[in-house]
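Colleague: Quick note: the sequence shown uses this note's numbering, first residue 1124, plus one each step.
We put the CB at the ideal spot given by N, CA and C, even for glycine.
These figures come from a predicted structure and were not determined experimentally.
Here it is: the structure, laid out below.
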Amino acid sequence: MPTQNLANKRIIVGISGGIAAYKAAELVRRLKQHEADVRVVMTAAAQQFITPLTLQALSGNPVHTALLNTEAEAAMGHIELARWADAMLIAPASANCIARVAQGQGDDLLTTLVLALKAPLALAPAMNQAMWLDEATHDNVQLLVRRGIALFGPAEGSQACGDTGPGRMLEADELAERLAGLFNTGSMAGLRVTITAGPTREAIDPVRFISNHSSGKMGYALAEAAVEAGALTTLISGPVALPPPPKVSMVQVRSALEMHDASIAAAARCDVFIATAAVADYRPKTVANQKIKKSGEAMVLELERNPDIITAVAKLKPAPYCVGFAAETEKVVEHARSKLQQKGLNLIFANDVANAGIGFNSEENQVTLISAEETLTLEQAPKQKLARVLINEIAKRLCH
Ligand code: C5P
1124 MPTQNLANKR IIVGISGGIA AYKAAELVRR LKQHEADVRV VMTAAAQQFI TPLTLQALSG
1184 NPVHTALLNT EAEAAMGHIE LARWADAMLI APASANCIAR VAQGQGDDLL TTLVLALKAP
1244 LALAPAMNQA MWLDEATHDN VQLLVRRGIA LFGPAEGSQA CGDTGPGRML EADELAERLA
1304 GLFNTGSMAG LRVTITAGPT REAIDPVRFI SNHSSGKMGY ALAEAAVEAG ALTTLISGPV
1364 ALPPPPKVSM VQVRSALEMH DASIAAAARC DVFIATAAVA DYRPKTVANQ KIKKSGEAMV
1424 LELERNPDII TAVAKLKPAP YCVGFAAETE KVVEHARSKL QQKGLNLIFA NDVANAGIGF
1484 NSEENQVTLI SAEETLTLEQ APKQKLARVL INEIAKRLCH
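Below, the structure written as structure tokens:
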């Protein structure tokens, strides 16, 4: 369990002013349950929403509220507090708080701590959806991400102000899990990765379906490599004969439509989306309720298009970093590059399936990495070894 990572860790929870401040109480409780040592810092506005006394009782430590207070500084001053911390999480981080951190202000205890902090910092934004979508907030968030500050959320959904959209603070359990992820080592420490794998089955009637020979091996190997690299990994899998990899949250699906819905739900709150699934391009237009009886006549099945899952994910706002696969039999790089563009992907791995011994349903694979700027052919390797290489190649590009 990633949450074991929190035992004995020294965590500063920073609370800024927003209605989600009440959820910080639950967060502090969770962190304590995971045996973290928690100290809470509140802005003046945060204290309008929730009292320091509540947080003091839950954290078991005095709450820090003032920068220029001799008594507080004598107990544990801001520099000492910054040195004490193994990580700091600001939850909720209001639009104003995000702006002040982005500008490097130091006009209260919370922002001063951020400036003095050497340990990892994470922000859990919480605000009205229009404020989250505002260009100024967007620019501030980009700046923070470029500085290596982790962003936890926000989630989409109904808001305290009556709106619906992105801007809800993540729940305490998820924040604790993501915070624990910061203490993982590896090239994807603390990131959320969603991977699709395997074939889909498109029902004709209760006993028959259309499908393909995808084994799911590449997707499962990537999920294992992502876990090894420290990612919190979700694997959305069609029916395959492989056991679920350890430490992965599995979502089992059958049809392309089920895979689509599960992917959109997971992708809305992940950092990287990797599509290895061999999604059926078509499904029968109608599914018979009863087993279709054979007759002397030829049978005609009318098919309709399935949605392109990764294209839909790449259109989300904000979209995760999207990685696709392209199995081609000719003009491999050219066709893969046009898929990269058409689907709006950040990266695509192309392989030549006309070449026996690699790709579909085989043990080994060889791929060419293609992005807007580069074309890089990677060495042929068993799928498990190649998966580690691919995860590292993805991780390297995320930082830029
Ligand atoms: O267009 P093509 O099927 O060759 O594209 C392959 C890539 O697109 C793979 O990453 C595959 O998982 C993804 N894909 C998808 N949804 C579909 C079809 C393909 O996500 N309906």
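Name the DSSP beta bridge partners of Phe1472, please?
Modeller: Per DSSP, Phe1448, Leu1492.
Colleague: Pick helix, strand or coil for Gly1288, following the three-state DSSP scheme.
Modeller: Here DSSP, grouped into helix, strand and coil, assigns Gly1288 to strand.
Colleague: Leaving aside the five residues before and after Glu1347 along the sequence, list all residues of the same chain whose C-beta is less than 6 Å from its C-beta, in chain order.
Modeller: Pro1368
Colleague: Is it true that the stretch 1464-1478 meets the stretch 1416-1423, where meeting means three or more beta-carbon pairs spaced less than 8 Å apart?
Modeller: no
Colleague: So the alpha helix (DSSP H) Ser1544 belongs to, where does it begin and stop?
Modeller: The question about residue 1544 has no answer here: the residues shown for the chain are numbered 1124 through 1523.
Colleague: In this structure, does DSSP put Leu1150 in helix, strand or coil?
Modeller: helix
Colleague: In this structure, does DSSP put Ala1400 in helix, strand or coil?
Modeller: Judged by DSSP in its simplified three-state form, Ala1400 adopts coil rather than helix or strand.
Colleague: Is DSSP giving His1157 helix, strand or coil here?
Modeller: coil
Colleague: Span of the beta strand (DSSP E) holding Phe1332?
Modeller: 1331-1333 is the span of the beta strand (DSSP E), which, as asked, contains Phe1332.
Colleague: To the nearest angstrom, how far is the alpha carbon of Glu1158 from that of Asp1394?
Modeller: 27 Å
Colleague: Would you say Gly1447 touches the ligand C5P, meaning its beta carbon is less than 6 Å from a heavy atom?
Modeller: yes
Colleague: Gln1226 to Gln1507, Cα distance in whole Å?
Modeller: Each residue's CA atom was taken as its position, placing Gln1226 and Gln1507 some 44 Å apart.
Colleague: Under the criterion of a Cβ to heavy atom distance below 6 Å, does Asp1431 qualify as lining the ligand C5P?
Modeller: yes
Colleague: In three-state terms, what does DSSP make of Gln1375?
Modeller: Strand at Gln1375.
Colleague: Here's a check: name, in chain order, each residue in its chain whose Cβ is nearer than 7 Å to the Cβ of Asn1474, leaving out the five neighbours to either side.
Modeller: Excluding positions up to five away in sequence, the list reads Ala1450, Ile1481, Gly1482, Asn1488, Gln1489, Val1490.
Colleague: Which of the three DSSP states, helix, strand or coil, is assigned to Val1268?
Modeller: helix
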